[in-house]
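Residues 2 to 331, numbered by my numbering, are exactly what the sequence shown covers, in order.
The beta carbon of each residue, even a glycine, is placed where N, CA and C say it ideally should be.
Please read all numbers here as calculations on a predicted model, not as lab measurements.
This report concerns only the one structure given below.
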Amino acid sequence: MKLLRKIGFPISLVYGLVVYIRNMIFDRGIFRSLSYGTSTICVGNLSVGGTGKTPMIEYLIELLKENSQLAVLSRGYGRKSHGYLKAVPSTTVEQIGDEPFQIYKKYPQVTVVVDAHRRHGISLLEAQENPDLILLDDAFQHRKVTPTFSILLTAYGQLYVDDWYLPTGNLRDSKREAKRANLIVVTKCPTNLRLEDQEEIIKKLNPLNHQKVLFSSLVYDTVLQGEGDTLNLGALRNKKVLLVTGIANPEPLVTYLKEASVSLEHLEFGDHHFFTEKEIRSFSSKELILTTEKDFVRLQGKVANLYYIRIKHRFIGDGRQQLAKALESL
């Protein structure tokens with residue numbers, strides 16, 4: 002894989018040039034970026050791979066749901082439908098994609114819609130749902146919309162400033178575009194990240210005067226969720242566990258489980274993978290199957306003895322208070 006990335010360096014130069022020209026066209030006003038009457042919060046990143054976007058959307062829902070009528074607009078990556086679609090009780094994961102489906106099932110009081118065309122999606126949301134606030138999932142690189150507030154995520158140990166364009170690196174947008182963020186969150190940090198290390202990262206990111214940099218860890222739950230029951234993580238130590246993942250980066254989860262003394266076999270698929278009947282048959286007879294919440298919504302009802310482990314952001318220091326204060330005016 003590393004060799005292929007190195008061989009792809011000339012392609013990454015062409016990709017970077019295309020990204021530069023595209024951003025320049027928007028910056029100069031040749032292509033218009035529209036603002037809307039409804040406040041919007043964009044959550045996204047500059048790279049491909051997991052930085053914790055969906056857990057951040059859920060964190061914002063928890064933070065804002067009491068005082069605002071919320072809507073979530075997502076592209077619905079990998080869905081088997083087209084156009085604008087609002088989640089309702091009869092909606093399937095195939096229709097809207099795994100992450101929007103996960104959010105809707107967890108927060109049915111929140112309007113969840115999918116539309117690859119963000120302008121069209123926002124316009125219909127305003128006309129039909131009239132929310133107070135729209136959360137734009139994975140929309141940082143979509144320049145056709147100017148959000149009210151932008152949150153840029155970058156993973157600890159994989160900072161965008163240290164990365165390079167696809168396919169040699171993981172960047173899908175220019176590092177310079179970080180200037181459009183109101184808030185930069187360094188995710189997946191060690192829970193005991195020292196102040197000195199935080200200051201070193203801030204220095205490396207070199208934020209603008211108006212930008213804040215916050216730090217968060219991804220925290221795994223110790224209680225596993227199944228279909229109608231739960232299981233303590235400690236109960237896995239005497240069981241044969243198969244971990245099935247279809248996410249961008251399962252390594253943090255694998256590390257967490259091994260540190261919890263869970264002996265497991267890991268079956269890894271690509272991000273947003275929709276499991277075939279043949280694949281499900283190959284592992285459905287296992288004693289206990291553990292997966293992520295995003296994978297669970299694609300496997301639920303198809304596999305017995307299936308459990309998932311919840312994950313959420315936990316801000317380090319006074320990050321939660323700083324985030325809440327930054328969003329007060331929306």
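- Gly247 and Tyr308 have their alpha carbons spaced roughly 15 Å apart.
- Separation of Ile123 and Leu74 (C-alpha to C-alpha, rounded to the nearest whole angstrom) is 8 Å.
- For Ile31 and Arg144, the gap between their C-alpha atoms comes out near 12 Å.
- Ranked by how close their Cα comes to the Cα of Ser286, the residues Phe297, Ser48, Lys303 and Lys54 have Lys303 in first place.
- Shown here, Ala72 sits in a strand according to DSSP, grouped into three states.
- For Gln323, the enclosing alpha helix (DSSP H) stretches over residues Gly320 to Ala327.
- Taken through DSSP and simplified to helix, strand or coil, Ser13 comes out as helix.
- By the Cβ-count criterion, Asp230 is exposed, with fewer than 16 other Cβ atoms from all chains shown falling within 10 Å of its own Cβ.
- Apart from the 5 residues on each side of it in sequence, Leu225 sits with its Cβ closer than 6 Å to the Cβ of Leu232, Tyr308 and Ile310 in its chain, given in chain order.
- Secondary structure of Lys205 (DSSP, three-state): helix.
- When rounded, the separation of the alpha-carbon atoms in Gln159 and Ala72 is 30 Å.
- If the five residues before and after Cys190 are omitted, its C-beta is found closer than 8 Å to the C-beta atoms of Tyr157, Phe216, Ser217, Ser218 and Ile317, all from its own chain and listed in chain order.
- Rounded to whole angstroms, the separation of the alpha carbons of Asp116 and Gly98 is 11 Å.
- In this structure, Val245 places its C-beta atom within 8 Å of the C-beta atom of Leu268.
- In the DSSP assignment, the residues bridged to Tyr309 are Gln226 and Thr292.
- Closest by C-alpha distance to Glu67, out of Asp133, Phe284 and Lys313, is Asp133.
- For the options Val187, Val44 and His211, the alpha carbon positioned closest to that of Ser151 is the one of Val44.
- No Cβ-Cβ contact shorter than 8 Å links Lys313 with Gln103.
- Listed in chain order, the alpha helix (DSSP H) runs fully inside the stretch 26-98 are 54-65 and 94-97, counting runs of at least 4 residues.
- Annotation: the continuous beta strand (DSSP E) that includes Ile152 extends over Phe150 to Ala156.
- Collapsing the DSSP output to three states places Gln159 in a strand.
- Taking Gln70 as the centre and dropping the five residues before and after it, the same chain places the C-beta of Pro132 and Asp133 closer than 7 Å to its C-beta, in chain order.
- Rounded to the nearest angstrom, the Cβ distance from Leu243 to Val263 is 11 Å, too far for a contact under 8 Å.
- Listed as beta-bridge partners of Ile135 by DSSP are Thr41 and Ala72.
- Within the DSSP bridge table, the entry for Lys213 names Leu184 as partners.
- The three-state secondary structure of Glu130, taken from DSSP, is coil.
- Here Arg76 has Val115, Ala117 and Asp139 as same chain residues with Cβ atoms under 7 Å from its own Cβ, once five neighbours each way along the sequence are excluded.
- Close CB contacts of Glu197 within its chain, under the 8 Å cut and outside five residues either way in sequence, are absent.
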